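One structure below.
Residue numbers (full-length UniProt numbering): 1 to 407.
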């Protein structure tokens with residue numbers, strides 16, 4: 001838990017300010033800035049499956065430590081990198097680090113918690129996860145105000161200390177796979193219920209990502225780009241993070257007692273869809289635009305957080321059950337890859353819908369197109385998961401077993 005808090009603290013103290021450093025301090029063109037940031041994302045999302053398979057093969061601890069060491073080097077290099085090759089090397093290293101330790105961390109947590117405590121463990125994990133996201137940008141803002149290189153140095157220091165602590169204190173968990181990587185991947189890819197579940201749940205990640213895309217754009221449309229708009233955007237992240245920290249464990253306990261796994265997943269996805277109804281209302285633009293911005297987006301951010309709180313622990317538990325308790329890191333790796341692809345496609349579609357809606361800004365229903373589409377996506381995912389769940393429940397314990405052999 002503490003490990004994940006500091007991983008997010010170190011990451012989010014730097015990443016929100018990297019684009020400004022690249023385009024402002026270093027003077028890179030916008031397309032080069034996008035290339036550097038895109039390579040960081042691609043090297044992480046595209047290699048989750050590899051990181052998960054390696055964790056199952058060699059053990060969770062080596063991959064967690066290796067990822068933290070690699071991110072230490074990547075962030076340290078960012079402090080001094082000025083050429084494009086050096087910047088790409090630094091950001092690719094930082095992204096690959098996430099691909100190595102993210103599936104391993106989740107698989108380690110699932111193994112250590114055991115079947116009876118797994119849901120509660122992931123609920124608490126989410127609290128620490130969000131706390132790091134909430135605190136990281138605040139620390140980074142103070143450090144970047146002095147010098148971005150100081151931010152890089154402190155972030156690298158966080159990961160260096162994590163690496164040293166884990167080498168000494170993290171108990172080893174042996175890798176469970178004796179077959180080659182290709183056999184592991186074939187095993188996971190042959191699990192049809194798991195693949196269907198991953199596709200259905202990828203929509204939820206598109207919805208939660210709108211805290212970073214659609215909702216901030218709506219804030220700026222209503223409140224403008226001044227300080228009021230900036231404060232309202234910051235408030236979105238505060239609402240989401242603080243709600244999770246305060247309420248996550250209580251929400252999970254209530255859902256486990258009253259709803260069960262199937263009900264919690266369906267309710268969580270439905271809440272995420274309902275979250276986009278407040279922005280559908282015809283809020284006035286201009287002064288006092290910040291009032292409209294808060295009224296339209298704060299309830300949406302809160303409902304998205306509540307939906308995530310409701311579904312997340314049960315979602316993570318379902319992945320383990322569909323894996324049959326075997327090759328768990330590989331399953332998490334593929335799951336994160338599918339959801340990452342979903343986020344990319346969903347972000348492109350949402351951005352296009354927001355652009356199209358601007359041309360309907362004064363014509364009523366057309367301007368609400370993005371919010372209607374997002375709400376429909378949430379409802380559709382809820383229906384899909386609830387429809388799939390009887391099959392998931394039936395077949396989860398019959399997940400394919402990785403054969404012993406070589407590539």
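By construction, the Cβ of each residue, glycine as well, lies at the ideal position given by its N, Cα and C atoms. As the structure is a computational prediction, the values presented were derived from the model and not from experiment.
Using three-state DSSP, classify residue i as helix, strand or coil.
i, result
"residue 56", "helix"
"residue 292", "helix"
"residue 335", "helix"
"residue 1", "coil"
"residue 81", "coil"
"residue 171", "coil"
"residue 212", "coil"
"residue 164", "helix"
"residue 277", "coil"
"residue 402", "Reliability fails at residue 402, whose pLDDT of 48 lies under 50, so the model's placement of it is uncertain and the value that follows must be treated cautiously. Of the three classes helix, strand and coil, the one that applies to residue 402 here is coil, per DSSP."
"residue 417", "Not covered by the structure: residue 417. The range shown for the chain is 1 to 407."
"residue 13", "coil"
"residue 325", "coil"
"residue 155", "helix"
"residue 46", "coil"
"residue 191", "coil"
"residue 147", "coil"
"residue 29", "coil"
"residue 259", "coil"
Within the present structure, is the beta-carbon of residue i separated from the nearest heavy atom of the ligand MN by less than 7 Å?
i, result
"residue 140", "Of ligands this structure carries none, so the ligand MN is not represented either."
Measuring alpha carbon to alpha carbon, tell me which residue in the options is nearest residue i.
i, options, result
"residue 183", "53, 357, 249, 41", "53"
"residue 185", "210, 171, 278, 57", "57"
"residue 354", "273, 331, 216, 264", "216"
"residue 240", "146, 6, 105, 211", "211"
"residue 279", "248, 343, 370, 40", "370"
"residue 201", "332, 6, 11", "332"
"residue 309", "34, 204, 221, 171", "204"
"residue 171", "231, 257, 136, 62", "62"
"residue 144", "180, 325, 21", "21"
"residue 261", "45, 315, 235", "315"
"residue 45", "347, 23, 100", "100"
"residue 195", "334, 87, 328, 42", "334"
"residue 5", "136, 173, 150, 213", "136"
"residue 11", "385, 35, 67", "67"
"residue 297", "180, 231, 249, 244", "231"
"residue 238", "209, 38, 295, 305", "305"
"residue 25", "125, 86, 148", "148"
"residue 206", "351, 42, 329, 116", "351"
Can you tell me the Cα-Cα spacing of residue i and residue j, whole angstroms?
i, j, result
"residue 301", "residue 275", "7 Å"
"residue 401", "residue 98", "The predicted position of residue 401 is uncertain, since its pLDDT is 48 and thus under 50; a value taken from the coordinates is nonetheless stated next. The straight-line gap from Cα to Cα measures roughly 27 Å."
"residue 82", "residue 28", "10 Å"
"residue 139", "residue 15", "12 Å"
"residue 111", "residue 321", "12 Å"
"residue 80", "residue 380", "47 Å"
"residue 17", "residue 387", "42 Å"
"residue 303", "residue 340", "22 Å"
"residue 399", "residue 233", "At residue 399 the pLDDT is 47, less than 50, meaning the model places this residue with poor confidence; the figure from the coordinates comes in the next sentence. Computed Cα separation, rounded: 43 Å."
"residue 342", "residue 373", "15 Å"
"residue 319", "residue 156", "32 Å"
"residue 188", "residue 323", "8 Å"
"residue 65", "residue 255", "34 Å"
"residue 7", "residue 109", "15 Å"
"residue 277", "residue 375", "7 Å"
"residue 307", "residue 273", "9 Å"
"residue 271", "residue 263", "12 Å"
"residue 152", "residue 77", "8 Å"
"residue 89", "residue 220", "34 Å"
"residue 37", "residue 192", "33 Å"
Please confirm whether residue i and residue j have their CB atoms less than 8 Å apart.
i, j, result
"residue 60", "residue 107", "yes"
"residue 190", "residue 338", "no"
"residue 70", "residue 96", "yes"
"residue 253", "residue 259", "no"
"residue 84", "residue 32", "yes"
"residue 378", "residue 281", "no"
"residue 75", "residue 94", "yes"
"residue 134", "residue 242", "yes"
"residue 336", "residue 102", "yes"
"residue 91", "residue 40", "yes"
"residue 128", "residue 1", "yes"
"residue 313", "residue 158", "no"
"residue 113", "residue 121", "yes"
"residue 311", "residue 265", "yes"
"residue 214", "residue 293", "no"
"residue 209", "residue 347", "yes"
With a cut-off of 8 Å, does the C-beta of residue i fall near any C-beta of chain C?
i, result
"residue 115", "No chain C appears in this structure, which consists of one protein chain only."
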